[in-house]
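Taken in order, the sequence shown gives residues 2 to 437; the numbers are from the working numbering.
Ideal placement from N, C-alpha and C gives every residue a C-beta, glycine not left out.
The model shown is predicted, which means the values in this text are computed figures rather than measured ones.
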Amino acid sequence: GGEITPDKLIVLGQVAKKYSLYTKITGGQRVDLFGAQKQDLPAIWKALVDAGFESGHAYGKSLRTVKSCVGTTWCRYGQQDAVGFAIFLENRYRGIRSPHKLKGGVSGCTRECAEARGKDFGCIATDQGYNLYVCGNGGTTPRHATLMASDVPQELAVKYLDRFIMYYIMTADRLQRTSKWLDALEGGIDQLRRVVMEDSLGICATLEEQMNFLVGTFECEWKKVIESPQLMAQFAQFKNTSETQKEIHMRTERDQLIPKFVVRAKGSESSQSPALAAGTDEMEWVAFGNKDLFDANGGGAVLYGASQLAVFNVMEICNGIEKVSWYATQNMCPFDHSFVLAQGILGDLDGRPKVACPMHKRNYDLADGSCLSGDDLRLETFRAKEEEGVIYVLLPPAEVVDARLATAKFIGSDGDSPTSASTAPETAAAPASLDW
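Quick look at the structure:
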């Protein structure tokens, strides 16, 4: 509902200062903290959980927030306690996964300061209860929500919302917003009213039971992480060392740190790859840890010298037989120099194993490094194997790889503050301009 105590606000400020996080108030009455390093997230969330915060969902297909005005508490025009009702709804539907994101709003009167009619569900207070609106959204094709019921008492409004949200979850296509779902629903809003308010399909009891199950099984996902050493280990920057590296070059603007703009690559660079630059007698199988460090059909980043590599565990089931293949590439996506490929999604294209960059969805062949998305880009690739439970990668000397792939070559350094509270040695040379 946008409500926060002074003590919690102070904690947010302390965390933001400690970890050099860019701080912004959003249009949805949230506080955004940008620029956290993956390896710092457990420590950040421990501080927040200890202060009474719970996991939020800024990107997930789930409830974001329920926006509110101040309602009767502080406004002479208020008809109902908009803040209290918004907080109730937010706590009720928090963490619930849905086909697409869900946004809500509660306005204390028809002046609509909470913009409830621009949300997936919205309640506008009247002197008798709430007018209940559904299936609105902003975005590229804004749509006002449609009135489903008028002057509904608060308790009944919650019942209608439970049924509406569960009916949407159970019948919408994946990635289908509520507005598009209503457009595709045969009978439109009239049919939705019949299902939700009149129980025309005889499923309302089931929908309410399903919603109560989701509400009752909520858990703070970050609290679960910080209480589990095994889960916390997943946030280590590298699988083979506790060292950390700065990955983003930051600059100061308006007294806050923001990422330096990166010019995206136009094509492959013609310089020789590290594997080809080194003679055969210089190549060596380098160990990077136990195979259990790398999840099946997943990747992990490893540090070699001053360079980041990505090791991938590709598992297939052929005729009931499990086949595991290992691949290694640079960890940096050549499109925009983001060090994220180890977190990419694995798949195949016509039998060729590939990884999709999680930033801009460029696909790369894990075997030869070629870009499968049509761009003139290429990854450096290296042979990898598993032997007696240990993962090895065939590599030239570290200085040869660093001459091409050292992290600091691609993030620059001009004296700006680091992006993380983690300490990491400056290990590489001055910035170089390379088009990949």
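About 13 Å separates the beta carbon of residue 392 from that of residue 239, a gap too long to meet the 8 Å contact definition.
In this structure, residue 86 lies away from residue 179, with their beta-carbon atoms at least 9 Å apart. About 6 Å separates the CB atoms of residue 68 and residue 29; that is less than 8 Å, so the two are in contact. Closest in C-alpha terms to residue 141, from the list 133, 261 and 119, comes 119. Contiguous beta strand (DSSP E) elements confined to the segment 300 to 371 occur at 308 to 319, 322 to 331, 346 to 350, 353 to 357 and 364 to 366, taking only those with 3 or more residues. Collapsing the DSSP output to three states places residue 64 in a strand.
By the CB criterion at 9 Å, residue 405 and residue 339 fall outside the cutoff. Taking C-alpha positions only, residue 158 is separated from residue 90 by approximately 10 Å. Look at residue 94 here: in three-state DSSP terms it is helix. Judged by DSSP in its simplified three-state form, residue 74 adopts helix. Per DSSP, reduced to three states, the secondary structure at residue 150 is strand. Annotated as proximal: residue 190 and residue 147, with beta-carbon spacing under 9 Å. Taking the Cα of residue 70 as reference, the smallest distance to any Cα among 125, 387, 23 and 104 is reached at 125.
Remark: fewer than three beta-carbon pairs, one from each stretch, lie closer than 8 Å, so the segment 202 to 216 and the segment 227 to 234 are not flagged as touching.
Annotated three-state conformation of residue 222 is helix, per DSSP. If the five residues before and after residue 296 are omitted, its C-beta is found closer than 7 Å to the C-beta atoms of 314, all from its own chain and listed in chain order. The DSSP-derived three-state label of residue 169 is helix.
When only Cα atoms are considered, residue 244 and residue 195 end up about 60 Å apart.
Going by beta carbons, residue 337 and residue 361 fall inside the 9 Å limit. The C-beta separation of residue 328 from residue 237 comes to about 21 Å, leaving the pair out of contact by the 8 Å criterion. Of all C-beta pairs linking the segment 249 to 256 to the segment 297 to 305, fewer than three are shorter than 8 Å, placing the two stretches out of contact. Residue environment analysis places residue 45 among the buried positions, since at least 16 neighbouring C-beta atoms fall within 10 angstroms of its C-beta.
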